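Numbering (this note's numbering), first residue to last: 4 to 89. Ideal Cβ positions, reconstructed from N, Cα and C, are used throughout, including at glycine. All values reported here derive from a predicted model rather than from experimental measurement. Reading through the structure tokens given below for one structure.
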């Protein structure tokens, strides 16, 4: 109470990748994730930060249209000890 939350999402792209061979289900998963990210954006004042990991580069497509303040730290030297290409 009285502090901002931190949201950690591991493998944000897994629901889509698990259904990549079924475009209809993959589209449903994508829409569900877009809804989640829109909710997160709406709660910006209550969130310290959101940290998401995945194996794809979906961050550049409409999946994240609900969040416009993304920072991709995949190849950032400042964060190389905790994430990025291994």
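Simplified DSSP assignment, three categories, for residue i
i, result
"residue 43", "helix"
"residue 11", "strand"
"residue 50", "strand"
Whole-angstrom distance between residue j and residue i, CA atom to CA atom
i, j, result
"residue 14", "residue 22", "14 Å"
"residue 9", "residue 24", "33 Å"
"residue 17", "residue 4", "32 Å"
"residue 78", "residue 12", "19 Å"
"residue 46", "residue 31", "23 Å"
"residue 85", "residue 29", "30 Å"
"residue 75", "residue 83", "12 Å"
"residue 33", "residue 41", "12 Å"
Pair within 8 Å by beta-carbon distance, residue i and residue j
i, j, result
"residue 59", "residue 20", "yes"
"residue 39", "residue 53", "no"
"residue 3", "residue 50", "Residue 3 falls outside the range modelled here, since the chain spans only 4 to 89, and no answer is possible."
Delimiting residues of the alpha helix (DSSP H) encompassing residue i
i, result
"residue 17", "17-20"
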